[in-house]
Amino acid sequence: MAKIYYDDDADLSIIQNRQVAIIGYGSQGHAHALNLRDSGVDVRVGLRPGSKSIAKAEAQGLRVVGIEEACEEADVIMVLAPDQNQRQLYAEQIAPHLKSGDALFFAHGFNIHFGYIKAPADVDVCMVAPKGPGHIVRREYEDGRGVPVLVCVEKDATGHAWELTKSYAKALGGLRAGGIETSFREETETDLFGEQNVLCGGLSHLIETGFEVLVEAGYQPEMAYFEVCHEMKMIVDLIIEGGISKQRWSISDTAEYGDYVSGPRVIDGHVKENMKAVLDDIQSGAFAKRFIADQDAGAPEFKKMRAAEASHPIEATGKELRKMFSWLENQDADYTEGTA
Ligand code: NAD
Ligand code: MG
Ligand code: MG
Ligand code: MG
Ligand code: MG
Ligand code: MG
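The sequence shown begins at 25 in my numbering and counts up one residue at a time.
So, in structure tokens, the structure goes:
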């Protein structure tokens, strides 16, 4: 069983006695900066000159400085820039300001695990990775609850890295819900596996394929959209609330019988073999290498795939149908430009 830490297992005063730099003010950055600040931690946010986030962070009462200045001042540096930018950011603006005994923190192990960032031997390397998007991490903290976090230490240079990591996780609100002990390797490889095979890659392509089969068989696209996409949320909510069993209990016996009979025909042995091959590419670093090489070249492959997927016919159908759901937010936002 995994080792899980709660508030009583951590000493908040440890992080309160450090100077923390939060680098980046996106999804995770804003939540970390605000939650730590509200937990009585000395926080400064490090941002690039001209960043649109400067005004946002200052409006929230945070102190914003340049990235290098933040790293110079701080002895705990949390790197919350996009994974593909962290290598260069680290080399040019963070590394020159690391001192013996400082701690480098991450919310995902990608750059450390795959060796894109190599920290000096006298610096702690730690992770506090919330199991949820930053906006939920902030909202839950404000409501007196927390989002569970993963905690791990890649390098305990000072002998106190674990106590520091737990203290940071407590300040973030994560230990109200629980902090699961893991390693950089396990977090990185399972995170990539989950998003590629199931949560993102698996799910979106399952939906698209189901839509294609129905429409190609002559059914109305609107019907296909409802049947293979819209109802997904209700099904997933049931699974999250009470497991796959609750979902199967809630659906009709017809649907449940069809699950047993047809599910294994779709998700057959080939799918398992394919997932193992994807895992091989994650473990070998081949996926990381391909992603970073493409990003370094200006992301031509990424942009091409993003544009192709955005023009899948299900997107046009969905855009019209979602107007029927007046309570859905952000219906007409442009999602093709990324978040940062
Ligand atoms: P984001 O894209 O929402 O925000 C990134 C921030 O970094 C922005 O403020 C952006 O302006 C800034 N930035 C962009 N390029 C930069 C550069 N070259 N130098 C300095 N700053 C730059 O990112 P995010 O989703 O918050 O992800 C940050 C980290 O958190 C990543 O390691 C990610 O894997 C991890 N993480 C994210 C989530 C999530 O739900 N979003 C969950 C867990 C972990
Ligand atoms: Mg993940
Ligand atoms: Mg991820
Ligand atoms: Mg149905
Ligand atoms: Mg049932
Ligand atoms: Mg995105």
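Don't be surprised by glycine CBs; every beta carbon is placed ideally from N, CA and C.
Query                                                                                                                                                                                : Result
Could you name the residues of the same chain whose beta carbon sits closer than 7 Å to that of Arg111, not counting the 5 residues immediately before and after it, in chain order? : Asn135, Tyr140 and Ile141
Helix, strand or coil for Met102 per DSSP?                                                                                                                                           : strand
Which partner residues does Gln244 have in the DSSP bridge list?                                                                                                                     : According to DSSP, Gln244 bridges with nothing at all.
Closer than 8 Å: is that where the CB of Ser132 sits relative to any heavy atom of ligand 3?                                                                                         : As written in the sequence, residue 132 is His, which differs from the Ser given in the question. At least one heavy atom of ligand 3 is nearer than 8 Å to the Cβ of His132, so yes.
One question on the structure: do Ala105 and Ile47 come within less than 9 Å of each other, judged by their Cβ atoms?                                                                : yes
Compute the Euclidean distance between the alpha carbons of Phe130 and Arg330, then round it to the nearest angstrom.                                                                : 27 Å
Using 10 angstroms around the beta-carbon of Ser191, count the other beta-carbons present and answer buried if the total reaches 16, otherwise exposed.                              : buried
Using 8 Å for Cβ pairs, my map puts Gly198 next to Gly170. What's the rounded Cβ distance?                                                                                           : 5 Å
Judging by CA-CA distance, which residue of Leu71, Ala201, Lys327 and Gln307 is the nearest neighbour of Glu211?                                                                     : Gln307
Grab me the residues of Ala185's own chain with a C-beta within less than 8 Å of its C-beta, minus the 5 sequence neighbours each way, in chain order.                               : Ala127, Asp148, Val149, Cys150, Val177 and Lys179
Between His121 and the rest of its own chain, which residues show a CB-CB distance below 7 Å, the 5 nearest in sequence each way excluded?                                           : Glu92, Cys95 and Glu96
Based on Cα-Cα distance, which residue from Leu223, Val88 and His54 lies nearest to Met299?                                                                                          : Leu223
From Val302, Arg68 and Ala193, pick the residue whose C-alpha is nearest to that of Tyr29; which is it?                                                                              : Ala193
Quick check on DSSP: helix, strand or coil for Leu71?                                                                                                                                : strand
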